[in-house]
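Inspection log for the structure reproduced underneath, given as structure tokens.
2 protein chains.
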Amino acid sequence: MSAGGAPPDDPLAIVCGAGNMPYRVADAVIGRGRRVVLFALVGWADPAQVERYRHHWARFGQLGHLSRLARQEGCRDVVFIGAVTRPAITQLRFDLTTLMVLPRIIKAFAGGDDHLLTRVSRIIEGLGFRLVGAHEVAPEILVPAGQLGRHAPTERDRADIAVGQALLAATGVFDIGQAVVVAANRVIAVEAAEGTDGMLARIAQLRSDGILKLPARSGVLVKAPKPAQDRRFDLPSVGARTVEAAVAAGLAGIAVEARGAVTADLNEMVGQADAAGLFVVGVPASEPTRGQP
Amino acid sequence: MSAGGAPPDDPLAIVCGAGNMPYRVADAVIGRGRRVVLFALVGWADPAQVERYRHHWARFGQLGHLSRLARQEGCRDVVFIGAVTRPAITQLRFDLTTLMVLPRIIKAFAGGDDHLLTRVSRIIEGLGFRLVGAHEVAPEILVPAGQLGRHAPTERDRADIAVGQALLAATGVFDIGQAVVVAANRVIAVEAAEGTDGMLARIAQLRSDGILKLPARSGVLVKAPKPAQDRRFDLPSVGARTVEAAVAAGLAGIAVEARGAVTADLNEMVGQADAAGLFVVGVPASEPTRGQP
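If you read the sequences in order, they're chains A and B.
For the first sequence, numbering that gives the first Met the number 0 assigns the number 0 to the initial residue and increments by one for each residue that follows.
For the second sequence, numbering that gives the first Met the number 0 assigns the number 0 to the initial residue and increments by one for each residue that follows.
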């Protein structure tokens with residue numbers, strides 16, 4: 000999977016959820032000389048973008064259909080990329096292959112997100128494919144290290160980032176969100192089922208209601224992958240929408256674990272942050288010993 | 000401070016925030032034969048209830064005024080009770096005594112809630128008073144152990160409670176909220192600046208929007224004090240409003256650390272939970288070794 004050397008002969012199967020990320024990955028892989036086949040999830044993938052690539056449509060739950068088509072296409076490697084909100088089990092359309100692994104899927108649904116993803120990946124591998132991380136075939140989607148725009152975090156912001164990283168390290172084993180907001184040394188929001196945008200909207204609301212009293216433009220959004228996360232799935236992602244939500248929440252900036260989060264539009268994101276006066280930084284992963292403040 | 004023996008001669012100073020708790024505490028102390036003097040915080044304490052007791056009005060930040068009056072009344076012990084949302088520093092009215100300790104207060108405001116409370120308590124003690132926990136003078140406000148209503152948690156609920164307790168133990172050192180919601184082994188919300196009611200309202204919204212897909216009446220609200228918390232301040236509190244919010248959030252029940260949370264209206268709360276089909280339990284504190292799941 001290294002970026003150097005001749006590209007593999009087999010086309011890469013890209014199972015596409017929502018957002019722009021699948022097409023950014025597809026373009027990066029094509030740019031390296033490898034063919035791709037998109038498996039677009041009905042209800043999540045964007046038809047207008049999917050059309051530009053060799054593709055098939057599939058429904059969540061149609062594993063047999065999907066693996067048959069992927070085999071016909073000569074695919075051996077599979078990438079899952081793009082947001083897929085956890086579907087209700089009643090929304091799934093099951094085909095025969097899926098029904099055969101249904102007990103394992105139900106078990107997967109009974110656990111947290113990590114359990115779900117780990118178990119789904121084992122099922123995929125049981126069908127004869129190799130599960131590959133999007134960032135392995137398209138490393139350009141990883142957020143790089145360092146100050147990424149015009150604005151830099153203050154010492155105060157750096158202290159808040161350290162608190163956020165330590166909290167994320169401590170809660171990672173609980174398989175909850177991958178983001179927190181820290182302001183003036185105080186954790187003011189922890190992400191769980193509401194997602195990052197939902198958490199930032201809450202801060203905007205708490206500030207405008209006067210429940211959360213903070214100086215203007217203060218507080219940092221900190222995002223990092225869970226410590227034991229299978230990075231082939233669901234690395235935290237940031238983008239222009241994250242900047243918009245952070246601006247609305249009155250924050251000073253965004254800190255992302257360098258090479259531990261992905262973005263479909265780094266330049267757009269950083270440009271927007273520059274214009275709004277927010278900093279964006281890629282920070283080194285927190286040390287295991289930094290798990291406590 | 001034991002409930003037995005002759006009551007102390009000096010009247011108890013009760014600094015009153017919002018809610019019914021201050022008057023429940025005052026009645027319990029009077030019931031034990033001790034006099035009370037209420038110091039009602041303007042903007043938080045309820046004038047209609049304050050009127051029923053010997054009292055003075057004070058503003059947050061008027062430490063000199065408050066300590067002079069308390070000394071005139073012959074008070075030696077001070078209890079702080081009732082919700083006080085963290086005031087903006089610009090809202091405070093400072094008197095001379097407060098100005099003298101202002102550097103320490105500003106320092107207190109720079110930290111999280113625990114820092115604030117710990118530092119305020121040192122300031123109070125520096126003025127010659129003894130800070131006493133409301134639950135020490137009125138142990139009847141503590142939530143007792145065991146099943147408190149007609150409904151019992153299932154095995155599934157008990158597993159969710161254990162996850163919630165473990166998460167609260169792990170995040171306690173970060174001085175964030177004192178409540179989480181766990182459903183089917185998955186942490187779906189973590190409280191920080193929004194408070195318990197805000198967190199429960201979010202779950203109601205996520206469920207009604209279809210973002211959070213859970214079986215009807217599932218999930219547990221788990222509340223516990225922070226592990227290293229100064230219990231003389233700010234034990235988590237529950238009441239009828241908590242039950243209302245938990246019902247609206249579609250939860251199965253409420254688990255509170257036994258003797259680690261307070262309530263002004265246990266009977267009303269339990270009656271309401273019984274009627275709505277929710278369980279309410281007081282659970283033993285999680286073992287330190289249970290800090291990780």
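In this text, a Cβ means the ideal position worked out from N, Cα and C, and glycines have one as well.
The model shown is predicted, which means the values in this text are computed figures rather than measured ones.
Item, Value
"Quick one: is B/Thr170 near chain A, going by C-beta distance under 8 angstroms?", "yes"
"By the DSSP assignment, the alpha helix (DSSP H) with A/Glu267 in it spans what residues?", "265 to 275"
"Output yes if chain A places a C-beta closer than 8 angstroms to the C-beta of B/Ala17; else output no.", "no"
"To the nearest whole angstrom, what separates the beta carbons of A/Arg53 and A/Val36, a pair I think is in contact under 8 angstroms?", "5 angstroms"
"By alpha-carbon positions, which one of B/Ala169, B/Asn19, B/Val77 ends up nearest to B/Arg332?", "The question about residue 332 of chain B has no answer here: the residues shown for chain B are numbered 0 through 292."
"Using 10 angstroms around the beta-carbon of B/Pro224, count the other beta-carbons present and answer buried if the total reaches 16, otherwise exposed.", "buried"
"Do you know how far the Cα of B/Arg258 is from the Cα of B/Pro10?", "25 angstroms"
"Do B/Ala133 and B/Val279 have their beta-carbon atoms positioned less than 8 angstroms apart in this structure?", "no"
"Consult DSSP for A/Gln146 and reduce its assignment to one of helix, strand or coil.", "strand"
"Beta-carbon within less than 6 angstroms of A/Leu68's beta-carbon, same chain only, minus the 5 sequence neighbours each way: which residues are those?", "His55"
"Does the beta carbon of B/Ser285 sit closer than 8 angstroms to a beta carbon anywhere in chain A?", "no"
"Inspect the beta-carbon positions of B/Ala188 and A/Ala191 and report whether they are closer than 8 angstroms.", "yes"
"When the Cα atoms are used, what is the spatial distance from B/Glu50 to B/Phe38?", "11 angstroms"
"Is there a C-beta anywhere in chain A that falls below 8 angstroms from the one on B/Ile122?", "no"
"Quick one: what's B/Thr262 bridged to in DSSP?", "B/Val237"
"Please check if any C-beta of chain B sits within less than 8 angstroms of the C-beta of A/Ala245.", "no"
"Which term fits A/Gly42, buried or exposed, when burial requires 16 or more other beta carbons within 10 angstroms of its beta carbon?", "exposed"
"Does DSSP put A/Phe173 in a helix, a strand or coil?", "helix"
"Interface residues of chain B around A/Ile175 at Cβ under 7 angstroms?", "Val186, Val189"
"If A/Ile202 sits next to A/Val180, beta carbons under 8 angstroms apart, how far is it from one beta carbon to the other, in whole angstroms?", "6 angstroms"
"Just how far apart, CA to CA, sit A/Arg216 and B/Arg157?", "42 angstroms"
"Just the chain A side, please: which residues come within less than 8 angstroms of B/Leu250 by C-beta, in chain order?", "Going along chain A, no residue has its Cβ under 8 angstroms from B/Leu250, so there is no contact; the nearest lies around 13 angstroms."
"Using only alpha-carbon positions, find the residue among B/Ala12, B/Leu234, B/Ala263 that is nearest to B/Glu72.", "B/Ala12"
"I want to verify the contact list: residues of chain A whose CB lies under 8 angstroms from the CB of B/Arg201, in sequence order.", "Glu193, Gly197, Arg201"
"Please classify B/Val28: does DSSP put it in a helix, a strand, or coil?", "helix"
"Is the shortest distance between the beta-carbon of A/Leu130 and the beta-carbons of chain B less than 8 angstroms?", "no"
"Touch check for the segment 162 to 178 of chain B and the segment 146 to 161 of chain A: three-plus C-beta pairs under 8 angstroms?", "no"
"When we look at the beta-carbon of B/Asp8 and count the other beta-carbons within 10 Å, is it buried (16 or more) or exposed?", "exposed"
"Looking at chain A, is there any beta carbon in it that lies within less than 8 angstroms of the beta carbon of B/Leu166?", "yes"
"Report buried or exposed for A/Pro21, applying the criterion of at least 16 other Cβ atoms within 10 angstroms of its Cβ.", "buried"
"Between B/Asp273, B/Gly270, B/Glu256, which has its C-alpha nearest B/Ala144's C-alpha?", "B/Glu256"
"Should B/Pro46 go down as buried or exposed, given a rule of 16 or more other Cβ atoms within 10 Å for buried?", "exposed"
"If distances are taken between C-alpha atoms only, which option among A/Ile210, A/Val136, A/Gln177, A/Glu243 comes closest to A/Ala26?", "For clarity, residue 26 of chain A is Asp in the given sequence; the question names Ala instead. Nearest option by C-alpha distance: A/Val136."
"Provide the residue span of the alpha helix (DSSP H) that contains A/Arg70, from first to last.", "62 to 71"
"Which bits of chain A does B/Leu205 rub up against, with CB to CB less than 7 angstroms?", "Ala192, Glu193"
"Could you check the C-alpha separation between A/Leu277 and A/Pro214 for me, to the nearest Å?", "15 angstroms"
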